[in-house]
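Peer 1: Encoded as structure tokens, here's the structure I'll be asking about.
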Amino acid sequence: MSPSATGPVAPSRVQLGMPTLPSQIPSRSSVAGGPDTTGPDPSRGLMDSFGRRATDLRISLIDKCNLRCTYCMPAEGLPWLSKDQLLSAAEIRRLVDIGVNTLGVRELRLTGGEPLVRADLVEIIAALRADHPDLPIAMTTNAIGLERKAAALAEAGLTRVNISLDSVHRETFAQLTRRDSLDKVLIGVEAAAAAGLTPLKINAVLMRGINDAHAADLLEWSVTRGFELRFIEQMPLDGDQQWNKEGTISAAETRELLSERFVLTPTPENRDGAPAERFDVYPLGTSAEEIRHGRQGPPLGRVGVIASVTEPFCADCRRTRLTAEGRVMSCLFSNEEFDLMHLLRNPATTDAQIAQAWAEAMWLKPAAHGTDRPGFDLASFHRPDRSMSAIGG
Ligand code: SAM
Ligand code: SF4
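Read in order, the letters of the sequence shown are residues 0 to 392 in numbering that gives the first Met the number 0.
Here it is as structure tokens:
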């Protein structure tokens, strides 16, 4: 099953090491109507061979970052892409157009590296908004420098932000990010909320022995301010390649840590393919009876737990990713990337040819990440060569 050769428009396949092993979830036999052997067809959107359709586009605007989170980036940074190697604003605009108008993309997230490091960020968002007035455009950011840009970003048409913040304790924050920048992040968070980039979500990764003991503090801080906190299990995407399963704080452990100070009850809404399992948060001591009968009043807020490692949600995955240098990644853990940049920079390439190449890349999306069983099995797992910052989280 290789992408059909379409002359100069075929996406070039960049093999980055061992291929991911197909997982039992989802299986082709579980696809309604049986296995799909028809092949990629842009008129059906970004469909893969397991019948999943990607509608959620994530674009990395830049690989550079001003923090060095230990679970993401090595202390010394990485060899950065040159400006010429990055997708230009015009190329991003063209790709989003093709994604939305031809391939069924329904939501967009801008990420990196650190998107705020990109000098033309406001202009990029303004152009995307002008082209797609109704497209939800979110951004994941570490919030450094957001204080200066939040109002302009909102004005340009950014819908909302997720801000990464792993601890509200200064020393722990500095230990995790290798930078003493908590104050700048907190100012950025305030500016985003004031600019209306809401609902504002906080992303946190728990690291054993570093910030796990502070999980409940972070939740208290978040619900007090009306932010929804989301804990993401640490994935093996750190530049230092130090990840191990034993060191990962699982979603179950996270819920236990939070239960020392709060009562969590699953939210009533259908999860509908969303990666986060969400909970309403009540004060400790609240009984199930009180919650059921509404005697406790509204919850303090909500919290999400994303169990990418221990309870993967690959069967419902709706994501397609473009790296900062214009490659399609159908899965975070794929070792195959498909280069669209050479197509974009060939003046003879049509939008239809780019759509075809993108659809072909997504058709090859693996069933699940990293193993032949649900969850990470280290014996058979081949971690990707790229770190999270280089892919675009
Ligand atoms: N620099 C921005 C930020 O930190 O929000 C955007 C890029 S960052 C790669 C996107 C998200 O990926 C962040 O929320 C970060 O916590 C998460 N992340 C990075 N490395 C991770 C890992 N190894 N496991 C789980 N999440 C990770
Ligand atoms: Fe930078 Fe975000 Fe990676 Fe932290 S998680 S090093 S802020 S890209």
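Quick reminder that beta carbons are idealized off the backbone N, C-alpha and C, glycines included.
Relative to the C-alpha of Y281, which candidate in P267, L263, P41 and E335 has its C-alpha closest?
Peer 2: The option with the nearest alpha carbon to Y281 is L263.
Peer 1: List in chain order: all unbroken alpha helix (DSSP H) runs of 4+ residues lying wholly within the stretch 193-245.
Peer 2: Entirely contained in the stretch 193-245, the alpha helix (DSSP H) runs reaching 4 residues are, in chain order, 214-224.
Peer 1: So is E335 buried or exposed if we call it buried at 16+ other beta carbons inside 10 Å?
Peer 2: Burial call: buried.
Peer 1: Taking the C-alpha atoms as reference points, what is the distance between L228 and D239?
Peer 2: L228 and D239: Cα-Cα distance of roughly 26 Å.
Peer 1: Starting from S180, trace the alpha helix (DSSP H) both ways and give me its first and last residue.
Peer 2: Premise fails: S180 is in no alpha helix (DSSP H) and is neither H nor E.
Peer 1: Would you check whether ligand 4 has a heavy atom nearer than 6 Å to the C-beta of M72?
Peer 2: This structure does not include ligand 4; its bound ligands are ligand 1 and ligand 2.
Peer 1: What residue ranges within the stretch 89-177 form continuous alpha helix (DSSP H) runs of no fewer than 4 residues, ordered along the chain?
Peer 2: With a minimum length of 4 residues, the continuous alpha helix (DSSP H) runs that stay inside the stretch 89-177 are 120-130, 145-155 and 169-176.
Peer 1: Can you list, in chain order, the residues of its chain with a C-beta nearer than 8 Å to that of I61? Leave out the 5 residues immediately preceding and following it.
Peer 2: Result list for I61: L80, L85, G111, G112, E113, P114, V116, R117 and A323, in chain order.
Peer 1: Does the beta-carbon of S166, which I'm using as the reference point, lie nearer than 6 Å to any heavy atom of ligand 2?
Peer 2: Because no heavy atom of ligand 2 lies under 6 Å away, the Cβ of S166 does not count as near it: no.
Peer 1: Please report the straight-line C-alpha distance between V204 and R301, rounded to a whole angstrom.
Peer 2: Straight-line Cα distance between these residues: approximately 17 Å.
Peer 1: On the CB-based measure, 16 or more other CB atoms within 10 Å of its CB, does T370 come out buried or exposed?
Peer 2: Unreliable placement is indicated for T370, whose pLDDT of 48 sits below 50; no coordinate value is reported for it.
Peer 1: Give a yes or no on contact between the stretch 124-133 and the stretch 145-165, applying the rule of three or more CB pairs nearer than 8 Å.
Peer 2: Output reads yes: the stretch 145-165 touches the stretch 124-133.
Peer 1: If you follow the beta strand (DSSP E) that E335 is part of, which residue opens it and which one closes it?
Peer 2: It spans E335 to D338 - the beta strand (DSSP E) in which E335 sits, taken as one unbroken run.
Peer 1: Roughly how far, in whole angstroms, is the beta-carbon of G44 from the beta-carbon of L102, given that I think they are within contact range, below 8 Å?
Peer 2: Yes, they are in contact, since the Cβ atoms of G44 and L102 sit about 5 Å apart, within 8 Å.
Peer 1: Assign G187 to one of three DSSP states: helix, strand, or coil.
Peer 2: In the structure shown, G187 sits in a helix (DSSP, three-state: H, G or I).
Peer 1: Roughly how many angstroms separate the alpha carbons of N210 and L175, rounded to a whole number?
Peer 2: When rounded, the distance between both Cα atoms is 8 Å.
Peer 1: Where does S286 fall in DSSP's three states?
Peer 2: Correct three-state label for S286: coil.
Peer 1: Could you check the C-alpha separation between A53 and D237 for me, to the nearest Å?
Peer 2: Taking the straight line joining both Cα atoms gives about 25 Å.
Peer 1: Three Cβ pairs or more, each shorter than 8 Å: is that satisfied between the stretch 355-370 and the stretch 298-318?
Peer 2: At 8 Å Cβ cutoff, the stretches touch.
Peer 1: For the stretch 182-201 against the stretch 241-257, are there 3 or more C-beta pairs whose distance is under 8 Å?
Peer 2: With the cut-off at 8 Å, the stretch 182-201 and the stretch 241-257 do not touch.
Peer 1: Could you check where the alpha helix (DSSP H) with T264 kicks off and where it finishes?
Peer 2: Element bounds for T264: not the alpha helix (DSSP H) but the beta strand (DSSP E), F261 to P265.
Peer 1: Pick out whichever of A212, E268, A389 and E90 has its Cα sitting closest to the Cα of M328.
Peer 2: With distances taken between Cα atoms, M328 lies closest to A389.
Peer 1: Spatial neighbours of L66 within its chain, please: C-beta separation below 6 Å, excluding the five flanking residues on both sides.
Peer 2: Closer than 6 Å at Cβ, skipping near neighbours: N141, T176 and R178.
Peer 1: In the DSSP assignment, find the alpha helix (DSSP H) that holds R326 and state where it starts and stops.
Peer 2: Careful: R326 lies outside any alpha helix (DSSP H), inside the beta strand (DSSP E) at R326 to M328.
Peer 1: Look up G300 in the DSSP assignment and give the residues it is bridged to.
Peer 2: Partner(s): V280.
Peer 1: Have a look at D279 and D47 and give me their C-alpha separation to the nearest angstrom.
Peer 2: If I take the Cα positions, the gap works out to 34 Å.
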